[in-house]
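Structure, as structure tokens:
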Amino acid sequence: MSHTERLPRIRTYLMCAPEHFTVEYAINPWMDVTVPVDPELAVKQWQILRDTLTDLGHTVHVLEPVPGLPDMVYAANGAFSVDGKVYGARFKHPQRADEAAAHKAFYAGGPWTFADPVHVNEGEGDFAYLPAAYGGLILAGHGFRTDPAAHAEAQEVLGRPVISLKLVDPAFYHLDVALAALDDENVTYYPGAFSESSQRVLAQLFPDAVIADRADAEAFGLNLVSDGKHVVLNTEATALGEKIRAAGYTPVHVDLSELKLGGGSVKCVVAELRP
Ligand code: ARG
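Here the numbering used here runs 321 ahead of the position in the sequence shown, where the first position is 1.
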């Protein structure tokens, strides 16, 4: 199979070390408070992911982890930025509410226009941006965390069309465990995570999408970070890695077994900053 050569674009990311990571409450079906977490291993795996991204030439900024916010490692949930504008997060669960302020403080230190949200939304957990699709398109999930009213709010704040997609399977409670941008215009997704109407919308918008199956999604393969060429995804997701390779991208596998205990993987812990 021949593809136009996939070209990487240098990115800027924001991550937060899992120094205080535990599973002490369960707000998604993957979290089990009776299964112990190895915090040292979690930090080691996180460092390898950070180094993988910097070795690929990307810049990684870090947020200072806050004690008492065990899910703060999932930095993707703290905000959503497009072209220098930032739509802040407002978490659904009170256990995570205070994370939003830490993210807001980070953006205050840079050249960002920050908008406080009225509606519940979990940042890049439920929002994805495709700068070259239809002139710049935002995909947004609802059904478990983000309020659909936040989709309209994001469109007003960010000035890009927002396509609302309904998530229907509690195992895939955020958009970023069901769908990922592979480059500036194409996605990979697991159709079964979406309502039938939303599946139709995705099929219409993305005829060249890499289609994942349930096993790929359960391995958290879709919770990936791509620079347009290198697709960083977890070690369990070998089958999706091969599908992605067949589409001309280069899979780069990293082990994030500890962070899976909180219900997340690569993408959940990496926020992309779009100045
Ligand atoms: N324990 C966290 C929660 O349930 C995991 C968040 C995962 N992040 C993500 N972007 N999907 O909120």
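C-beta atoms are modelled at their ideal positions from N, C-alpha and C, and glycine is treated no differently.
Hey, out of the options, whose CA is closest to residue i's CA?
i, options, result
"residue 439", "424, 495, 469 and 367", "469"
"residue 353", "587, 589, 591 and 579", "579"
"residue 349", "428, 325 and 464", "464"
"residue 356", "536, 596, 582 and 587", "582"
"residue 492", "432, 385, 375 and 351", "351"
"residue 372", "562, 498, 585 and 553", "553"
"residue 537", "455, 521 and 511", "511"
"residue 408", "365, 542, 437 and 369", "437"
"residue 338", "449, 345, 329 and 384", "384"
"residue 380", "420, 423, 415 and 331", "331"
Could you give the first and the last residue of the continuous alpha helix (DSSP H) run that contains residue i?
i, result
"residue 428", "420-429"
"residue 565", "559-567"
"residue 578", "578-581"
"residue 469", "469-479"
Tell me the residue span of the beta strand (DSSP E) that contains residue i.
i, result
"residue 593", "592-594"
"residue 436", "434-436"
Helix, strand or coil for residue i per DSSP?
i, result
"residue 352", "coil"
"residue 493", "helix"
"residue 549", "coil"
"residue 587", "coil"
"residue 446", "helix"
"residue 600", "Not covered by the structure: residue 600. The range shown for the chain is 322 to 596."
"residue 451", "strand"
"residue 538", "helix"
"residue 572", "strand"
"residue 344", "coil"
"residue 519", "helix"
"residue 498", "helix"
Flag this pair as yes or no: are the beta carbons of residue i and residue j separated by less than 9 Å?
i, j, result
"residue 412", "residue 394", "no"
"residue 500", "residue 483", "no"
"residue 573", "residue 377", "yes"
"residue 406", "residue 479", "yes"
"residue 556", "residue 575", "yes"
"residue 389", "residue 341", "yes"
"residue 539", "residue 453", "no"
"residue 496", "residue 542", "no"
"residue 594", "residue 334", "yes"
"residue 447", "residue 471", "yes"
### Query
Of all the alpha helix (DSSP H) runs that stay within the bounds of the segment 357-424, which reach a length of 4 or more residues?
Segments of the alpha helix (DSSP H) lying fully in the segment 357-424: 360-376.
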